[in-house]
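Residue numbers (this note's numbering), protein chains in the order written: chain X, 635 to 1012; chain D, 635 to 1012; chain C, 635 to 1012; chain E, 635 to 1012. Idealized CB from N, CA, C, for every residue including glycine.
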């Protein structure tokens, strides 16, 4: 049997993100869903499980039972996908790691840097792989940005201006459905909403592309839409090690923005502009001002990025392919661990370490905001 | 077993289109590859088949053997996917239809209108479903165009201006690889190259979106790049039944165009602009000139189009999803035929009849061109 | 006195084009309006003339009187600007040429190739300068296209695809005001409407940028909007000397298009895309597919084009500047003729010869259309 | 004589901004250049003055002499245009105000809020008009934004995100020519460079469009390009009276940006996006997410904005027209003062009060930055 087996916690009826992970894994057909605990209501798990053709004894009433059972079965799952609200990421991830099972977990990884350190520690001790699904970094064009910055095309980075506005939570009341509800609820989302959902993507995208480490942050976080308790708009100034500066903006009431993660990187020798809503292209501007629009599939795309493309240029790839690329590397690393060929440099996906950085970024911003928008070291 | 079984003819090593069909079908996980004849060289079929986990006795040295065997097995394939060069579409499709197997075939369907009529006739007599994979019409935005034109938003259509330029065959010599080679070879492509590959997409996109029937065409077809025998640039004037007019352009040496199928439809009360390289949006201009950009996922997308979306707006879907949408309807129709719930109005994919229209369009254009660019009735 | 004196025929109350010429000439302050016959109603001419500070004895009841008077005054006008409906271009231009006065005339130049030849002949014999205001060719980016094609950046041109759709005459009845009315009236517009107004711009833009000469045309011209007598949609296939081919489209009922003159030029080594509604940029694609967006003001703009820029890049120039550039060269040539420094290569504006080409293009298209859309030699 | 007479201080050889003002005023032909002191070197003033046809006795060696002479002549200038480096704005403006002459002055108005208050006071006492040329607010689309926000289309404003990056000073050494030099020189530019040149435009654009008053600012200002003493990158967080928040970014080393003033305004019922490099359009997004692109010239443009248009839609207007619109209102107000018809609501241009706001904004930002990026009240 060539395909890996995976399980899923969360992702039951009405979950967009559960479907999204399944579609993305399906794309390459490298793993198959074999076990799950899709809902807090066992009946719903059973119903969905049957629909998806999963054997009944691998449908579980709770994640603890699942972790234990799958960790001891001979044909137990190779990895688990955690797609529950943020509050439960930590205990679930911990349970599966402790059961010796590789983990894929949605972001933000968890609520506190202590939890994050704990997960980092267990994964390291157990020698397990841990994917945190910062989807957007799976795009060929995002990987191209990373590659050409690493090889020096932009020279020293001077400034980064990045943003992630959305408009779907612009109104009071029942907008945003089930998801909008739990995101705005401190019990399920922790101390942050917008910064956790969107800000961590910005932080990760900049870190991944540029390799810059944040030294300190100054954040202003506001809950603006009437009735909201948690932040729905965030401004963050950033200083990186080495002297570069950054400006981040995230918002959930920016009517007209669907999902507008946009990163602009200004170096001494050139500029990169990347926009996740148009992931098939990347704009690279050189020292003489020439504006080059590159498309995925072009000969000039860096080979380590280009190899992830599945279609010729002009045949749009999208969000599933980006997430599929993360899973492709994750699954190949699991296989390589199996057959003894694994090397750390094979890891081409965001790990628990990247997830932990995101949690620390949130903590520092929250502290800055509480103290009147002052600088806080990371 | 909930999943359908499918087989594939063609799609071996180096075939982009074979991978593309597999990825698209994988997306929803509604069918599994169970049999195949991937190459004219049996060893290559065996090698690929093993890699993909197919049982050895369902790997075949030729399509005739495959059609016969799969047509008689109890667990035989539910449908076959034909992804060979154009020259062999007709005999392969015919063989599988005659074996009682539903067919998915790439476009152009075949070489002559006689062949096309033959396939239409057999499929009808046998009560088999026949998908011709005009991929682009699977996009939610393309379906939206069709829906709002049908419900009258644009009023009477006056003119259509559509084009499909590419640049990958702009140079003499070994550009375009294996694919570029067979497309330019009359033995494998028949009497047309560019018009067959790209022009049929234009014809189908306009027919699907507008519902207009072509009355007559006037075509100018040229082989421009040195060394080329078949057309690589085509201009076509069109008159539709009811008086609307159209202008089509396809080209393979238009440097800078990746895959630029673009359809603009001008009605008495508004305009639609649709561009397959940006399939997540569609521009609709109303009588007062207001330019509305709609995105897949918006509340204003017509329900019969919107239902195909898998992700919220701002999370790009692409080419695989478009083709996946064709297969979703095709597979659901096959299942419905099985369980007796099938109705013709469930068909929401291009059929052998659409494929036949494409072949007749090519024939009329070729005739017009041979006679000095005169009007030829369809 | 450094400024030239000019007169105007037409351009009275409600004329957009008269204002446009005055604004454009004002831009550089190289000439001043000193005489005029702005309307067929003398009172209106007097009223406007007073408003604009023109001496009363230089306001005229008809153009014949004006030509004679200004041609004999010592301080007579240096050139006349003709901005009347198309029907009167010929007699007015002829009158002023015969009075020894340089002429600036709107396009289309006149109605017949005989008239055109006549004007060419008189201008040549008299040694007078004759500007035909194909405004769009004044843009720096259009001049850049011309320069880099001339120096060979694109190699041999293979095909040109150009269009000029507008939407302002999409409806029956009183749309388009005074202008819409005379344009649709055969008595004032001659045998063509859309092709004369828009098609001549397409013809001129392609000829200017590429230097290609048209060998023959095949045109389909339709009057589509109910109640219209003259063409409001035109499709034209073109063969140029040397083997390149072209496809032109013009339309007046294309809702959503303001003034969309767009020229795309495909050469063996690259492509140019130019769009008059975004005149500050030009896209140049090189042999390897790299898409370069150049802006007016960049160091890479060809010097003979760049010299016309008045503002740094990012400070948009527009339509007035384009027309102003035509007048700048025209006025400088008139001055040079005065002081004896004139050389023919100083002419960097469309002349009576370009205007005549436009008239011949119209004639050939009309003939092609009348004969059932057949090829007609130019 | 219908035309006003104006004088100019600065704007001699090599000055882009002097030419720009002249071109813009020329556009409508409402005023004529009649006096000047174009350079600190009198010979250069004389040379330029002769070239422009100015009478020799109205060319002056220094601005004090000019103010005095023109203020006492019977045919003295109606207004003066000040286009010198920032350092001299204050004394020159003061001299002309004291001579009873209306003033048009480039921004930033002056160096300190004391100077600004002084100019406000004198202008008020003398009853003189004072235009500060924040050019971009002259665009029809910017005026439309202002009008529809004022009439409530967006509801309460929640946040503003605005930026003005440029790339022309990205390098050390002799980039940017004469202008780049004085801008980077504290003696001529005062305590700020980038924030004065670009930040004041951002501040003014937001204030003009939204009507929001700044309560306090938190600024981070950096001198990044090696060798630079004054700021070339600025991040500013803003709190407005009433609770809305803002984020501003300006930069001079952002390679690839020509002149990218961009304002995005997020209200509870909709969004406006406006970008000065594409001034002919404005995007307005309504509560239901519909994205409307409006063009200058459309029927839906607010009448008080639309009236400034000189050309139909699709005939691009640009920077000169924007500045010309400021001068049009300024000149009409001067005339109205003359003939007694003036009313304050006729003022549709940025005044000395707007200029003073800009100076106070700079002061507050500088203070915030010096004190470690803390909040400073305006």
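Proximity to residue i [Cα-Cα], best of the options
i: residue 932 of chain D; options: D/944, D/697, D/709, D/1011; result: D/944
i: residue 799 of chain D; options: D/886, D/767, D/806, D/857; result: D/886
i: residue 941 of chain C; options: C/1010, C/901, C/775; result: C/775
i: residue 749 of chain D; options: D/814, D/805, D/729, D/888; result: D/729
i: residue 897 of chain D; options: D/844, D/759, D/786, D/934; result: D/844
i: residue 825 of chain E; options: E/856, E/699, E/795, E/771; result: E/856
i: residue 756 of chain D; options: D/1004, D/986, D/1005, D/1003; result: D/986
i: residue 648 of chain C; options: E/693, E/946, E/966, E/699; result: E/946
i: residue 884 of chain C; options: C/876, C/981, C/706, C/829; result: C/829
i: residue 923 of chain E; options: E/681, E/838, E/952, E/902; result: E/902
Spatial neighbours of residue i in its chain, beta-carbon cut-off 7 angstroms, leaving aside the 5 residues before and after
i: residue 874 of chain D; result: 846, 847, 848, 849, 880
i: residue 644 of chain C; result: 652, 672, 716, 717, 718
i: residue 1013 of chain D; result: The structure shown has nothing for residue 1013 of chain D, since chain D only spans 635 to 1012.
Close-in-space but distant-in-sequence residues of the same chain around residue i (CB under 6 angstroms, 5 per side omitted)
i: residue 915 of chain E; result: 927, 929
i: residue 654 of chain D; result: none
i: residue 900 of chain C; result: 792, 793
Residues of its chain near residue i, where Cβ-Cβ distance is below 8 angstroms and the 5 sequence neighbours each way are ignored
i: residue 1007 of chain D; result: 852, 853, 854
i: residue 816 of chain E; result: 719, 822, 823
i: residue 635 of chain X; result: At residue 635 of chain X the pLDDT is 49, less than 50, meaning the model places this residue with poor confidence and gives no usable figure here.
Output needed in chain order: residues of the segment 952-970 of chain C with a Cβ under 8 angstroms from some Cβ in chain E. Under the 8 angstroms Cβ criterion, the segment 952-970 of chain C contributes 952, 953, 954, 955.
Tell me which residues of the segment 932-953 of chain D have at least one Cβ-Cβ distance to chain X shorter than 7 angstroms, keeping chain order. Cβ contacts with chain X: 944, 945, 946, 947, 948, 949, 950, 951, 952, 953.
Do the segment 915-922 of chain D and the segment 895-907 of chain D touch if we need at least three Cβ pairs shorter than 8 angstroms? A contact exists between the segment 915-922 of chain D and the segment 895-907 of chain D.
Using a Cβ-Cβ cut-off of less than 7 angstroms, list which residues of the segment 701-714 of chain E approach chain X; keep chain order. For the segment 701-714 of chain E, which is checked against every Cβ of chain X, not one residue is closer than 7 angstroms.
Please give the ranges of any alpha helix (DSSP H) in the segment 740-796 of chain C, keeping only runs that are unbroken, at least 4 residues long and fully inside the region. Counting whole runs of 4 or more residues, the segment 740-796 of chain C contains the alpha helix (DSSP H) stretches 747-760, 774-784.
Anything in the segment 901-928 of chain E with a Cβ closer than 8 angstroms to a Cβ of chain D? List those residues in chain order, please. Answer set for the segment 901-928 of chain E: 922, 923, 924, 925, 926, 927, 928.
Does the segment 829-845 of chain C come close enough to the segment 993-1003 of chain C that 3 or more CB-CB pairs lie under 8 angstroms? Contact between the segment 993-1003 of chain C and the segment 829-845 of chain C is present, because at least three Cβ pairs lie under 8 angstroms.
Under 8 angstroms: do the segment 947-962 of chain E and the segment 651-665 of chain E share three or more Cβ pairs, one atom per stretch? Contact holds between the segment 947-962 of chain E and the segment 651-665 of chain E, because three or more Cβ pairs, one in each stretch, are under 8 angstroms apart.
So, does the segment 890-906 of chain D touch the segment 769-784 of chain D, judging by three or more C-beta pairs under 8 angstroms? Touching, yes.
For the segment 725-741 of chain E against the segment 757-775 of chain E, are there 3 or more C-beta pairs whose distance is under 8 angstroms? Below 8 angstroms, enough C-beta pairs join the segment 725-741 of chain E and the segment 757-775 of chain E to call them touching: three or more.
So does the segment 743-760 of chain D actually touch the segment 723-730 of chain D, counting three or more Cβ pairs closer than 8 angstroms? Yes, they touch.
At least three beta-carbon pairs within less than 8 angstroms, the segment 863-874 of chain X to the segment 815-827 of chain E: No contact exists between the segment 863-874 of chain X and the segment 815-827 of chain E.
Those runs of the alpha helix (DSSP H) which lie wholly inside the segment 897-969 of chain C and span at least 4 residues: Complete alpha helix (DSSP H) runs here, min 4: 937-940.
Near-chain X residues of the segment 875-901 of chain E - C-beta to any C-beta below 7 angstroms: For the segment 875-901 of chain E, the set of positions with a beta-carbon nearer than 7 angstroms to some beta-carbon of chain X reads 879, 881, 883, 885, 887, 888, 889, 890, 900 in chain order.
Members of the segment 828-861 of chain E that neighbour chain C once the beta carbon cut-off is set at 8 angstroms: Closer than 8 angstroms at the C-beta level to chain C, one finds no residue of the segment 828-861 of chain E.
Closer than 8 angstroms, Cβ to Cβ, to anything on chain E: give me those residues from the segment 637-660 of chain C, in chain order. Those residues of the segment 637-660 of chain C that come within reach of chain E (Cβ to Cβ, closer than 8 angstroms) are 637, 650, 653, 654, 656, 657, 660.
Runs of alpha helix (DSSP H) wholly within the segment 795-860 of chain D (minimum 4 residues, chain order): You should have 811-817, 820-823, 834-844.
Taking only beta carbons into account, state which residues of the segment 671-693 of chain X come closer than 7 angstroms to chain D, listed in chain order. Result list: 687.
Segments of 3+ residues assigned as beta strand (DSSP E) that fall wholly inside the segment 678-747 of chain C: Complete beta strand (DSSP E) runs here, min 3: 713-717, 736-739.
According to a CB-to-CB cut-off of less than 7 angstroms, which residues of the segment 784-800 of chain D neighbour chain C? Flagged, chain order: 792, 793, 795.
Note down, in chain order, all residues in the segment 980-1011 of chain X with a beta-carbon under 9 angstroms from any beta-carbon belonging to chain E. Taking 9 angstroms as the cut-off between beta carbons, the residues of the segment 980-1011 of chain X near chain E are 1006, 1007, 1008, 1009, in sequence order.
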